[in-house]
Amino acid sequence: MKNIRLFTAVSLLAVLLVSCGGNSKKVSIELSFDTKGESASNYLNWSAGDLSVKDGFDAATGASKAQTTTLFDAVRYDGTEAKKAAIPGSLRSLVLFPVASYSTAEGDNFTVTENGKQLTITFVHRGTATQITTDANGKFNTTDSFKIASGVADNIGGKFLIKDEFLKEGGNKANMADLDWSKVSLTADTAAPDAAVKYNGELTASMKDGVLSVKGTLKAE
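My numbering puts the first residue of the sequence shown at 458, with every later residue one more than the last.
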């Protein structure tokens, strides 16, 4: 069943890339993610060109229902053979949390800190620490709101362990909550400078009762 779903996703992606000439002029994103625990209400709705996807987590297969993980590559990359990043890599990571098991967010120590309407989202996914910061009104963009530090954890036998130099004193290497952010040097996460297409724009994030909502539109440049 998984192989059939993967084949379908790859086929749809190929059709999308051909029909859109490799890229869409506009990408719309809307998501809801319960940061407190597993929730059937989590969703990711997005559209690009002729493709419109309504997705969520499929507990039976342990994957996204509509194969966003594969299909979103039409937005992730610039459509060239070189596959240059058309968006910040951490934006893709962010939108995939609602279509994954909550254990992914838990393992990545997905955290949202509120200061009025301003939100700071942090997580550590596959050895890369990510920080996404909105302005005072919950707005964030693809040019200067995403920051990352890669290589803060090593993949040891399929499990990521925080490197000694980034570990809190007395911390557990396997627990991403024990990353010492004061020791991490963050750099801007953006589309590749030489990407043939870049999706830029503004998104709005908000929190209510522990549920993160994100909505916005990006335009190709």
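Note that CB positions come from ideal geometry on N, CA and C, so glycine has one too.
Best match in the options for proximity to residue i [C-alpha to C-alpha]
i	options	result
residue 609	602, 619 and 601	619
residue 630	535, 638, 617 and 640	617
residue 640	649, 623 and 494	623
residue 517	628, 552 and 556	556
residue 676	625, 544, 627 and 586	544
residue 614	496, 583, 573 and 550	583
residue 532	483, 569, 497 and 572	483
residue 666	612, 644, 646 and 569	569
residue 662	572, 636 and 647	572
residue 562	603, 626, 496 and 535	496
Residue i beta carbon near the ligand NAD (any heavy atom closer than 7 Å)
i	result
residue 541	This structure lacks the ligand NAD; in fact it carries no ligand of any kind.
Neighbourhood of residue i by C-beta distance below 6 Å, restricted to the same chain and skipping five residues each side
i	result
residue 660	597, 671 and 673
residue 504	485
residue 512	501, 521, 522, 523, 525 and 556
residue 575	591 and 593
Three-way DSSP call (helix, strand, coil) for residue i in this model
i	result
residue 591	coil
residue 603	strand
residue 571	strand
residue 540	coil
residue 529	coil
residue 478	Reliability of the predicted coordinates at residue 478 is poor, the pLDDT of 44 falling under 50, and the value obtained from them is presented with this limitation in mind. Residue state, collapsed to three classes: coil.
residue 560	helix
residue 535	coil
Own chain residues within Cβ distance below 8 Å of residue i, not counting five before or after
i	result
residue 519	558
residue 642	606
residue 678	654, 655, 656 and 657
Span separating the alpha-carbon of residue i from that of residue j
i	j	result
residue 581	residue 508	30 Å
residue 510	residue 490	16 Å
residue 566	residue 481	33 Å
residue 638	residue 578	13 Å
residue 552	residue 585	16 Å
residue 628	residue 506	46 Å
residue 658	residue 599	6 Å
residue 487	residue 612	32 Å
residue 417	residue 588	Past the boundaries of the shown model lies residue 417; the chain is included only from 458 to 678, so the question cannot be answered.
| said: Closer than 8 Å is the cut-off here; do at least three beta carbon pairs connect the stretch 588 to 597 with the stretch 517 to 529? | reply: Result no; under three Cβ-Cβ pairs closer than 8 Å.
| Is there contact here, the stretch 645 to 654 with the stretch 533 to 542, by at least three beta-carbon pairs under 8 Å? | Taking 8 Å as the limit for Cβ pairs, the verdict is that the stretch 533 to 542 does touch the stretch 645 to 654.
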